[in-house]
Amino acid sequence: MITNYIKCNINNDRYAVIPGEGHEFGACTAQDSKGTFEPRDSEKGDVARIWLYMHDRYGVVFQIGELEMFQSWNETDPVSDWEIERDRRIVQVQGFGNP
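Add 1 to a position in the sequence shown, counting from 1, and you land on the number used in our numbering.
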């Protein structure tokens, strides 16, 4: 399965914007290059919100430029109906959600 292949190959990569249009995963529009990984455009906001949550909730430290990149990804890929529903369910169980 392609998603398992990608996960295996990006396990420790940092997220980044990779210049150019080269893709290493067939029809998948995600990119991997020298220790960095760029998710497809339709998933960037999801990734950004996960990392911004981890930063706010648990103090995860970003490398230079990552905060701005994640904020940009959050703006260009809006919150989906599913993310809103998932957050609502999480709040019911944990008492707090993704700001």
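Even glycine gets a Cβ: it sits at the ideal position worked out from N, Cα and C. Remember, it's a predicted structure, so these values are computed and weren't measured experimentally.
Beta-bridge partners assigned by DSSP to T77: none are found.
Taken atom to atom, the span from the alpha-carbon of V80 to that of G60 is near 22 Å. In the same chain as L53, and ignoring 5 residues on each side of it, the C-beta atoms closer than 7 Å to its own belong to F71 and N75, in chain order. By the beta-carbon neighbour count (other beta carbons within 10 angstroms, threshold 16), P40 is buried. 8 Å or more divides the Cβ of K45 from the Cβ of D82.
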